[in-house]
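Working notes for the structure below.
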Amino acid sequence: MSVAEILDGLNANGYKFTSPEPKKNLFARIYRLKGVRQVGPGRFTAE
């Protein structure tokens with residue numbers, strides 16, 4: 172999944188971001204999650 176796809180899903184579910192740059196913030200959070208690895212530019216998968 173791409174960060175943009177995840178961001179779109181969160182927005183569709185009504186999630187409210189407190190950060191002025193939610194895409195950058197989400198990318199940084201996903202990158203540090205245990206069990207998640209990057210599989211391409213801006214794309215991640217859960218192990």
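Sequential numbering of the sequence shown, starting at 172, is according to the numbering used here. For each residue, glycine too, the CB sits at the ideal point set by N, CA and C. Nothing here was measured: the structure is a model prediction, and the numbers come from that model.
- Taken atom to atom, the span from the alpha-carbon of VAL174 to that of GLU218 is near 16 Å.
- Unbroken beta strand (DSSP E) stretches of 3 residues or longer found wholly inside the segment 174-215: 207-211, given in chain order.
- Taking C-beta separations shorter than 8 Å and ignoring five residues to either side along the sequence, PRO212 has no partners in its chain.
- Around the C-beta of PHE198, 16 or more other C-beta atoms lie within 10 Å, and the residue is accordingly described as buried.
- Taken atom to atom, the span from the alpha-carbon of ASN182 to that of LYS205 is near 23 Å.
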